[in-house]
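Some notes on the structure that comes next.
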Amino acid sequence: MGPVTQYFSANPTIPRTRSLLSINNTLTLDIIEGIYDFDTSAFVQLVFALAIPDVSSYTVYFAPGFIHTMKLIENYFEEMSLCISSANFDQSSLVQKNIVDPDFRTTLNQTLNEVIAQYGGQTYRLERAEHIRYECLKKNVPGLLHRLWPNMIYASTTIGSTFSMYKEVVQYYCGERLTLINLLVYGTSESFFGCIASIHTDEYLLLPTSAFFEFIKEEDIQQAQPKTLLLSELEPGHRYEVVCTTDGGLVRYRMGDVINCTRFYSRANDLISLPEEPLDTPRIPLISLAYRVGNVLSIFGEKITEQHMMNALQQTTRQWRERGTPVDLHDFTSCPKLDVFPAKYVIFVELIEDQGYKINAQQLRILQNTASAEVDQQLCKTNQGYTKSRSATKLDSLDCIFVRTGTFSTFK
């Protein structure tokens, strides 16, 4: 369990979506897929985006990834500004370290120069770079996205379901003047399975032309061969795991996504016109994403959600900051450890330091020695079931293990 940060990267894209994704990116997928290091790919894409003053939208699939891109801007804006002012990626430490092919670097520089040339020459480059520096040097000021791109219309990422815990941080980067909406599509690696029903909610309309959908009631998810329902059999107020059969090979499988059926499409707030005769109007269920199967940890019925873990970790890092160690939670994942007695949970944590601050060896040792007990204490406060299991000695204290900076990026 834990957030996964993703963008378009070196993973090959579905052929039929390549042209669509290239149109909606500031950089072609051919170049993006040639950069294999995660943060370097994100850095290059951000430089191209920052070089363009009139970007209309900012979309990252998942909220943790959205926040990560903003942290990259905050931590690397000086290098990004230098890349733009010189039209040369040799100013980037990430590019120098992770892109060793000189021909590919030349292609990057030529492409960047071509993009910048559409808006002006050297004067524009210098002015744009200075604007980026000026805005990024403002600390604790909301609305960085709007300040970098004043003409931006909206920002979009997944902020429903378990990702709602990140909404406040994402909204901080958007500010009051930039509209934040849930991700426009319900997409998977196979296809786009749904489209947003309203910019004001996290609800989706499923697209029955993209796949054949079946649904398993939440209470039947653990069964090996559960009964499945059709789209027309969904009822508001209930949760279901999605089963899909794709048109590529007619492969039928359980996706692991659990959805809420929120309500039926209302004629009072139609986004499209429906037939006048109510009897001829089919029931159209709206759905929202609830969670992924496996994203709830429950050795003895604790039902620990990602929100519980996140709250415990955030409260712990807040205490560390108050004690003079300015670090934040960057990423985490957790799992049960059942090969010991008593059983326990293990959390793998990657921290990020404040810009300009480097944690010393003594501070790191202190955190390593106290992290498990402090996070365990906070998790007891956020989850009553965990408190009961700990009090009854069914569970041992959790283990909090720090991983190296960049560990999560390696697996994304």
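In UniProt numbering, the protein residues as written are 1 to 412. We put the CB at the ideal spot given by N, CA and C, even for glycine.
request  = Since I believe A312 is in contact with L379 (beta carbons under 8 Å), could you give me their beta-carbon distance rounded to a whole number of angstroms?
outcome  = Position 379 of the sequence shown holds residue 379. Position 312 of the sequence shown holds residue 312. L379 to A312, Cβ: 4 Å. Contact.
inquiry  = Counting C-beta neighbours from all protein chains within 10 Å, is the total for L180 16 or more, i.e. buried, or is it exposed?
reply    = In the sequence shown, counting from the first residue as 1, residue 180 sits at position 180. When all chains shown are included, L180 counts as buried.
query = With C-beta atoms as the reference, is Y291 less than 7 Å away from T162?
reply = Position 291 of the sequence shown, counted from the start, is the residue given in the question as residue 291. Position 162 of the sequence shown, counted from the start, is the residue given in the question as residue 162. Yes, these two residues count as a Cβ contact at 7 Å.
query = For V95, which three-state DSSP category applies?
reply = The residue given as residue 95 occupies position 95 in the sequence shown. It is helical.
key: CB-CB length for F62 against T201, believed under 8 Å   = Start at 1 with the first residue of the sequence shown, and residue 62 comes out as number 62. Start at 1 with the first residue of the sequence shown, and residue 201 comes out as number 201. Cβ atoms of F62 and T201 stay farther apart than 8 Å, at about 18 Å.
ask   = Unbroken beta strand (DSSP E) runs of length 3 or more, entirely within the region 303 to 380: which are they?
value = 327 to 337 and 344 to 353
key: 8 Å Cβ shell around S397 - same chain, five flanking residues per side excluded   = Working through the sequence shown from its first residue, we reach residue 397 at position 397. Beyond the five residues adjoining it in sequence on each side, S397 comes within less than 8 Å, by CB distance, of K344, S372, A373, D376 and R390 in the same chain, given in chain order.
key: For L289 and G160, believed in contact at Cβ under 8 Å, the rounded distance   = Position 160 of the sequence shown, counted from the first residue, corresponds to residue 160. Position 289 of the sequence shown, counted from the first residue, corresponds to residue 289. Right, their Cβ atoms sit about 6 Å apart.
query = How many Å lie between L21 and Q362 at the Cα?
reply = Counted from its first residue, the sequence shown places residue 21 at position 21. Counted from its first residue, the sequence shown places residue 362 at position 362. A caution first: L21 carries a pLDDT of 45, below 50, which makes its placement in the model unreliable, though a value can still be read off. Distance between the alpha carbons of L21 and Q362 is about 47 Å.
ask   = Any chance the region 84 to 99 sits against the region 139 to 149, with 3 or more Cβ pairs inside 8 Å?
value = no
ask   = Can you list, in chain order, the residues of its chain whose CB lies under 7 Å from that of V60, leaving out five sequence neighbours each side?
value = Translated into the one-based positions of the sequence shown, residue 60 becomes position 60. Cβ neighbours of V60 within its own chain (closer than 7 Å, five residues either side excluded): Y7, F66, T69 and T157.
ask   = So what does L178 bridge to, in DSSP terms?
value = In the sequence shown, the residue the question calls residue 178 occupies position 178. None, per the DSSP bridge assignment.
message = Considering only the alpha carbon of each residue, which of I347, Y186, N260 and Y357 lies closest to T325?
response = The residue given as residue 325 occupies position 325 in the sequence shown. When each option's Cα is compared against that of T325, the closest is Y357.
inquiry  = Using C-beta distances below 6 Å, list every residue in its chain close to G256, excluding the 5 sequence neighbours before and after it, in chain order.
reply    = As a working mapping, residue 256 is identified with position 256 in the sequence shown. Within the same chain, G256 has close Cβ partners R292 and V293.
ask   = Does the Cβ of N182 have 16 or more other Cβ atoms within 10 Å, making it buried, or fewer, making it exposed?
value = Residue numbering aside, residue 182 sits at position 182 when the sequence shown is read from its first letter. N182 is buried by the Cβ-count criterion.
ask   = Which partner residues of A211 appear in the DSSP bridge assignment?
value = Reading the sequence shown from its first residue, position 211 is the one you call residue 211. DSSP, once it has assigned bridges, lists T246 as partnering A211.
key: Span of the alpha helix (DSSP H), counted from its first residue to its last, around D103   = The sequence position of residue 103 within the sequence shown is 103, counting from 1. It spans P102 to A117 - the alpha helix (DSSP H) in which D103 sits, taken as one unbroken run.
ask   = Based on the DSSP output, what are the partners of L289 in its beta bridges?
value = In the sequence shown, counting from the first residue as 1, residue 289 sits at position 289. L289 pairs with I259.
task = Return the Cβ separation of V47 and L112 in integer angstroms, given the expectation that the two are a contact with Cβ distance under 8 Å.
result = The sequence position of residue 47 within the sequence shown is 47, counting from 1. The sequence position of residue 112 within the sequence shown is 112, counting from 1. Yes, V47 and L112 are in contact; Cβ-Cβ is about 7 Å, under 8 Å.
message = Whole angstroms are fine: how far does the CA of I52 sit from the CA of Q118?
response = Taking the sequence shown and counting its residues from 1, one reaches residue 118 at position 118. Taking the sequence shown and counting its residues from 1, one reaches residue 52 at position 52. When rounded, the distance between both Cα atoms is 9 Å.
query = By DSSP, does R16 sit in helix, in strand, or in coil?
reply = Counted from its first residue, the sequence shown places residue 16 at position 16. Note that R16 scores 47 on pLDDT, short of 50, meaning its location in the model is unreliable; the coordinates nonetheless yield the value given after this. In the structure shown, R16 sits in a helix (DSSP, three-state: H, G or I).
message = Applying the 10 Å Cβ sphere with the 16-neighbour rule, what's the burial state of S9?
response = Walking along the sequence shown from the start, residue 9 turns up at place 9. Note that S9 scores a pLDDT of 41, beneath 50, so its modelled location is shaky and nothing firm can be said.
request  = Go to D30, then tell me how far its alpha helix (DSSP H) extends in each direction, as first and last residue.
outcome  = In the sequence shown, counting from the first residue as 1, residue 30 sits at position 30. Run containing D30: L29 to I32, per the alpha helix (DSSP H) assignment.
key: Close-in-space but distant-in-sequence residues of the same chain around T129 (CB under 6 Å, 5 per side omitted)   = Counting from 1 along the sequence shown, the entry for residue 129 is found at position 129. The residue asked about is misnamed: residue 129 is Ala in this sequence, not Thr. Answer for A129: S81, I84 and S85, listed in chain order.
task = Tell me T188's beta-bridge partners as DSSP assigns them.
result = In the sequence shown, the residue the question calls residue 188 occupies position 188. Its beta-bridge partners do not exist; DSSP assigns none.
task = Could you name the residues of the same chain whose beta carbon sits closer than 7 Å to that of T393, not counting the 5 residues immediately before and after it, in chain order?
result = Here residue 393 refers to the residue found at position 393 of the sequence shown. Excluding residues within five positions, the ones whose Cβ falls inside 7 Å are P342.
ask   = By Cβ distance, which residues of its chain are closer than 6 Å to F408, with the 5 residues on each side in sequence left out?
value = Working through the sequence shown from its first residue, we reach residue 408 at position 408. Excluding residues up to 5 positions away in sequence, D331 and E350 lie with their Cβ nearer than 6 Å to the Cβ of F408 in the same chain.
task = Please report the residue range of the beta strand (DSSP E) in which T59 lies.
result = The count along the sequence shown starts at 1 and reaches residue 59 at position 59. S57 to F62 is the span of the beta strand (DSSP E), which, as asked, contains T59.
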